[in-house]
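Numbering (the working numbering), first residue to last: 9 to 250.
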Amino acid sequence: MPLMETQSVVATTRIAGVGDPRSPRSSSLTLRIKELQEQHLAFRNSLICAFNQLLDLKDISTGVHSTRLAEWAIRVARKLNLPEEHMYQVEVAALLHDIGKIGVPDSILKKQGPLTSEERALINRHPEYSWSILRLFPGLEDASLYALHHHENVDGTGYPAGLPGQDIPIVSRIVSVIDAYDAMVTNRCYRKGLPHAEAIRRLLESAGTQFDAEVVHTFIPIAEQEAAEVFAAAGTSTSAAL
Ligand SMILES: [Fe+2]
């Protein structure tokens, strides 16, 4: 998983008695701080990978590999000129936005028949659960908010907050589109995935109501570019249902 962050989230602390950065004591402390920062990042990235693995084990993984989903989110974010320093949060949000589904019983999550209103209400809590998990990671506060709002609709009919349009964080709007495309083209135990062209048609149909139209139009060329490769990896074609 290509977690991208190289800079540290560990605050650089002022160390009393270290005034001259050229002194031996200063440089050894600087090295030690750098070492601790790297250890902290490596540990956090391992935790993120472990949580991603947990999603796989819970069978909530995305149909195309979750790494690809993260790559798409980053490509869309870059095309929309999001600042480069936000890409780590974009990547984590794309990977772990559904981590809260761990809190939803399998009997509901994988139910093949229609859901009762109580079951639907419980499933709809998963963005809040995702937020409550991710916000505990130091440095992932932004990603936790992106996960919280990944089921908002631009017409204000989504959940959990019913935020409209630009009030929804742009990263949440990106995750919403790529996640929907992925869900549509993916085989589930109870239904076959849609052909690529039909998934694109549905994205366009809901652009401006469910989805951010600019994000949809930014994502489509990426999906077109990648679709053949993605579907080929799944042993099928973009034009036939999986
Ligand atoms: Fe979700």
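Glycine included, every Cβ here is placed at the ideal spot set by N, Cα and C.
Problem set entry | Straight-line Cα distance separating D106 from D64 | For this step, residue 64 is matched to residue 56 along the sequence shown. For this step, residue 106 is matched to residue 98 along the sequence shown. Using only the alpha carbons, I get a separation of about 11 Å.
Exercise. What did DSSP end up calling M9 once you bin it into helix, strand or coil?
Worked result: The residue given as residue 9 occupies position 1 in the sequence shown. In this predicted model, M9 has a pLDDT of only 46, less than 50, meaning its place in the structure is not dependable; the value taken from the coordinates is given anyway. The answer is coil: DSSP assigns M9 none of H, G, I, E or B.
For this session: Label T20 either buried or exposed according to how many other C-beta atoms from any shown protein chain fall within 10 Å of its C-beta, with 16 as the threshold for buried.
Result: Counted from its first residue, the sequence shown places residue 20 at position 12. Note on T20: pLDDT 36, under 50, position unreliable in the model; no value is reported.
Exercise. Measuring from the CB of P135, is there a heavy atom of ligand 1 at a distance below 7 Å?
Worked result: By one-based count along the sequence shown, residue 135 stands at place 127. Correct: P135 has its Cβ closer than 7 Å to ligand 1.
Problem set entry | Which listed residue (I110, S138 and D163) has its alpha carbon closest to that of K66 | Residue mapping note: residue 66 aligns to position 58 of the sequence shown, counting from 1. Per the Cα distances, I110.
Exercise. Which residues mark the beginning and the end of the alpha helix (DSSP H) in which D187 is found?
Worked result: The count along the sequence shown starts at 1 and reaches residue 187 at position 179. Counting along the chain, the alpha helix (DSSP H) containing D187 begins and ends at I178 to V193.
Problem set entry | Distance cut-off 7 Å: H157 Cβ against heavy atoms of ligand 1 | Taking the first residue of the sequence shown as 1, we reach residue 157 at position 149. Checking the Cβ of H157 against ligand 1 gives no.
For this session: Kindly examine ligand 1 and report whether one of its heavy atoms sits closer than 7 Å to the Cβ of D106.
Result: Taking the sequence shown and counting its residues from 1, the one referred to as residue 106 is at position 98. Checking every heavy atom of ligand 1 against the Cβ of D106, one is found closer than 7 Å.
For this session: Counting only the same chain and skipping the five closest in sequence on each side, list residues whose C-beta sits under 7 Å from that of P177.
Result: Here residue 177 refers to the residue found at position 169 when the sequence shown is read from its first residue. L153, Y154 and H157, listed in sequence order.
Exercise. Taking Cβ positions, are Q97 and V179 nearer each other than 8 Å?
Worked result: Residue mapping note: residue 97 aligns to position 89 of the sequence shown, counting from 1. Residue mapping note: residue 179 aligns to position 171 of the sequence shown, counting from 1. Taking 8 Å as the Cβ cut-off, Q97 and V179 qualify as a contacting pair.
Problem set entry | C-alpha distance - S34 paired with R40, whole-angstrom precision | Locating residue 34 in the sequence shown gives position 26, counting from the first residue. Locating residue 40 in the sequence shown gives position 32, counting from the first residue. Taking the straight line from one Cα to the other gives about 10 Å.
Problem set entry | Neighbourhood of I208 by C-beta distance below 7 Å, restricted to the same chain and skipping five residues each side | Position 200 of the sequence shown, counting from 1, holds the residue named residue 208. So the qualifying residues of the chain are I228 and A231.
Problem set entry | Ordered list of alpha helix (DSSP H) runs contained in the segment 58-145, each at least 4 residues | 74-87, 95-104, 114-117, 125-131 and 134-142
Exercise. Going by beta carbon distance, what residues of the same chain come within less than 6 Å of H159, once the five residues before and after it are set aside?
Worked result: Stepping through the sequence shown from its first residue, residue 159 is reached at position 151. Result list for H159: P135, G166 and Y167, in chain order.
Exercise. For the alpha helix (DSSP H) that contains R209, what are its first and last residues?
Worked result: Along the sequence shown, read from residue 1 onward, the residue named residue 209 stands at position 201. Residues H204 to E213.
For this session: Check whether the Cβ atoms of H204 and A235 lie closer than 8 Å to each other.
Result: Here the question's residue 204 lines up with position 196 in the sequence shown. Here the question's residue 235 lines up with position 227 in the sequence shown. Going by C-beta atoms, H204 is nearer than 8 Å to A235.
Exercise. Where DSSP assigns a beta bridge to P172, which residues make up the other side?
Worked result: Counting from 1 along the sequence shown, the entry for residue 172 is found at position 164. Its beta-bridge partners are D163.
Exercise. Does the beta carbon of T38 come closer than 8 Å to any beta carbon on chain B?
Worked result: Protein chains in the displayed structure number just one, and chain B is not present.
For this session: Go ahead and label G25 buried or exposed: buried means 16 or more other beta carbons lie within 10 angstroms of its beta carbon, across all protein chains shown.
Result: On the sequence shown, position 17 is the one that residue 25 refers to. Residue placement at G25 is flagged as unreliable, the pLDDT there being 46, under the threshold of 50; a coordinate-derived value is accordingly withheld.
Problem set entry | Terminal residues of the alpha helix (DSSP H) in which L153 lies | The count along the sequence shown starts at 1 and reaches residue 153 at position 145. Element bounds for L153: E149 to L156.
Problem set entry | Euclidean distance between Cα positions of Q233 and V162 | For this step, residue 233 is matched to residue 225 along the sequence shown. For this step, residue 162 is matched to residue 154 along the sequence shown. Those two C-alpha atoms are separated by around 26 Å.
Exercise. Roughly how many whole angstroms lie between the Cα atoms of V112 and E93?
Worked result: Taking the sequence shown and counting its residues from 1, the one referred to as residue 112 is at position 104. Taking the sequence shown and counting its residues from 1, the one referred to as residue 93 is at position 85. Roughly 33 Å separates the two Cα atoms.
Problem set entry | Cβ-Cβ distance between I56 and L104 below 8 Å | Here the question's residue 56 lines up with position 48 in the sequence shown. Here the question's residue 104 lines up with position 96 in the sequence shown. A contact, by the Cβ cut-off of 8 Å.
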